[in-house]
Structures are given as C-alpha cells and as structure tokens.
Amino acid sequence: MKFHMISGGPKPVAPFSHAVETDGFVFVTGQMPDTPQAPGVLPDGIVAQTRAVMENLKVVLAGLDLGLEHVVMTRIYLTRFKEDYAAMNETYRTYFPPDRLPARTCVGVTGLAYDALIEIDLVCRRP
436 MKFHMISGGP KPVAPFSHAV ETDGFVFVTG QMPDTPQAPG VLPDGIVAQT RAVMENLKVV
496 LAGLDLGLEH VVMTRIYLTR FKEDYAAMNE TYRTYFPPDR LPARTCVGVT GLAYDALIEI
556 DLVCRRP
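Counting the sequence shown from 1 gives a position; my numbering is that position plus 435.
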C-alpha cells in the first residue's frame with residue numbers, strides 16, 4: 436500500500452492521508468469545500484461548495500497523476516439532502532461526460548467538518 440499526502444493539497448481536517456493506493460485502486464479521502472489557501476473558510480451555498488469540493492478532488496488526483504476520467508465510484512454526503520440534492524446533481528454532472536458517469540452513492544448526514552454542506556470521496560483505478 437502507498438499512503439499519499441499531496442503537496443499543496445487541501446489541509447486535512449483530521450489524521451488521514453489524501454489518498455491510499457493498493458492493487459491499482461486509489462481511495463481518495465472525502466474533501467471539504469474550503470481551499471488549501473484558506474482552510475475552514477467555505478463558500479456560500481451548495482453550488483459553490485460542490486464546485487469547491489470537486490476542485491479539491493482534482494488537485495489531489497493531479498498530485499497522483501490521475502484525473503476525473505479515472506474515477507469509478509463517488510460517495511457524496513449532504514447535510515441538507517432534500518434542499519440541496521437537485522442543485523448538487525446539476526453541478527456534479529458538469530464534471531463528467533454523460534457516457535462516463537461513475538457509480539455513486541449519495542446520503543444525507545447530520546453534520547460534516549467545518550459545518551460544510553457537502554463532502555465527496557472517490558475510488559479510482561489506475562490505467
């Protein structure tokens with residue numbers, strides 16, 4: 436197994452690696468909607484937070500020489516499921532081609548770090 440911390444990547448909010456790799460699979464830790472330059476500072480609303488999370492995931496993937504085209508599974512956690520599900524989906528959908536949508540789970544949760552509205556983690560496969 437390889438444990439990855441990405442230089443310049445998002446600041447971890449707990450003791451974890453940005454990603455762990457084993458047998459060609461890469462498990463990317465759930466990302467928050469803040470930025471590496473301003474840990475804990477979140478944009479307003481689900482659309483901006485979804486974009487911020489996806490951009491953080493792209494930073495981690497780039498640090499591993501991977502991209503969103505390598506994602507096989509996403510897990511999405513929403514604190515305001517009913518209120519934010521549709522807008523999150525519209526935003527999330529723009530990151531993947533219509534014929535390359537990863538498998539996905541999306542659940543409502545009672546809380547996330549920094550009082551974020553969303554967190555997303557990934558499972559990827561190296562080519």
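A virtual CB, placed ideally from N, CA and C, is assigned to each residue, including glycine.
Quick one: give me the first and last residue of the beta strand (DSSP E) that residue i is part of.
| i | result |
| --- | --- |
| residue 538 | 538-543 |
| residue 514 | Neither: residue 514 is in no beta strand (DSSP E) and is coded neither H nor E. |
| residue 558 | 553-560 |
Among the options, which has the Cα closest to the Cα of residue i?
| i | options | result |
| --- | --- | --- |
| residue 468 | 461, 480, 457 and 462 | 480 |
| residue 512 | 547, 538, 535 and 537 | 547 |
| residue 465 | 473, 456 and 492 | 492 |
| residue 506 | 461, 484, 471 and 487 | 461 |
| residue 453 | 562, 560 and 556 | 556 |
| residue 504 | 449, 562, 542 and 456 | 562 |
My guess is that residue i and residue j are in contact by the Cβ rule of under 8 Å, so how many angstroms apart are they, rounded?
| i | j | result |
| --- | --- | --- |
| residue 500 | residue 552 | The pair is not a contact, with the Cβ atoms about 30 Å apart (cut-off 8 Å). |
| residue 485 | residue 527 | 6 Å |
| residue 471 | residue 443 | 6 Å |
| residue 487 | residue 478 | 6 Å |
| residue 441 | residue 476 | About 19 Å separates the two Cβ atoms, so there is no contact after all. |
| residue 539 | residue 509 | 5 Å |
What does residue i pair with, by DSSP beta-bridge criteria?
| i | result |
| --- | --- |
| residue 439 | 454 |
| residue 461 | 456 and 559 |
In terms of residues, what are the limits of the alpha helix (DSSP H) holding residue i?
| i | result |
| --- | --- |
| residue 492 | 481-498 |
Using DSSP with H/G/I as helix, E/B as strand and the rest coil, what is residue i?
| i | result |
| --- | --- |
| residue 473 | strand |
| residue 523 | helix |
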